[in-house]
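Some notes on the structure that comes next.
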Amino acid sequence: MNGKEKACRACRFLIEEGDKCPNCNETSFTTFWRGYVVILKPEESEIAKRMGITKTGKYALRLSR
Ligand SMILES: [Zn+2]
15 MNGKEKACRA
25 CRFLIEEGDK
35 CPNCNETSFT
45 TFWRGYVVIL
55 KPEESEIAKR
65 MGITKTGKYA
75 LRLSR
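By the numbering used here, the letter at position 54 of the sequence shown is numbered 68, and the numbering carries on one by one without gaps.
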């Protein structure tokens, strides 16, 4: 509706379209999120390790719902 990306509830991966998370294959999303990080090299990123991220992409920092 607002054209904003939606965030995967399980891993916070942000996608613009589609119903399945490319990172963890979950199908539950929310558009209520705040802030994001772009992970370019998950294998070299401390944040990625902490968040359990294995795939390059944009991730929400916080989900509010
Ligand atoms: Zn996910």
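Backbone N, C-alpha and C define an ideal beta-carbon position, used for all residues, glycine too.
For residue i, three-class secondary structure by DSSP
{"i": "ILE29", "result": "strand"}
{"i": "MET15", "result": "With a pLDDT of 43 at MET15, under the threshold of 50, the modelled position of that residue is not reliable, and the figure given next carries that caveat. MET15 falls in the coil class under three-state DSSP."}
{"i": "LYS34", "result": "coil"}
{"i": "ARG48", "result": "strand"}
Nearest residue (CA-CA) to residue i, options the options
{"i": "ILE67", "options": "GLY49, LEU28 and TRP47", "result": "LEU28"}
{"i": "ARG39", "options": "VAL51, ARG23, GLU57 and GLU60", "result": "Looking at the sequence provided, one finds Asn at residue 39 rather than Arg. Checking every option, the nearest Cα to that of ASN39 belongs to ARG23."}
{"i": "ARG79", "options": "ARG48, ASP33, GLU30 and GLU31", "result": "ARG48"}
{"i": "THR41", "options": "GLU58, VAL52, CYS25 and LEU54", "result": "CYS25"}
Whole-angstrom C-beta distance between residue j and residue i, which should lie under 8 Å
{"i": "THR45", "j": "LYS18", "result": "6 Å"}
Just jot down, in chain order, the residues whose CB lies closer than 6 Å to any heavy atom of ligand 1. That gives CYS22, ALA24, CYS25, PHE27, CYS35, ASN37, CYS38 and GLU40.
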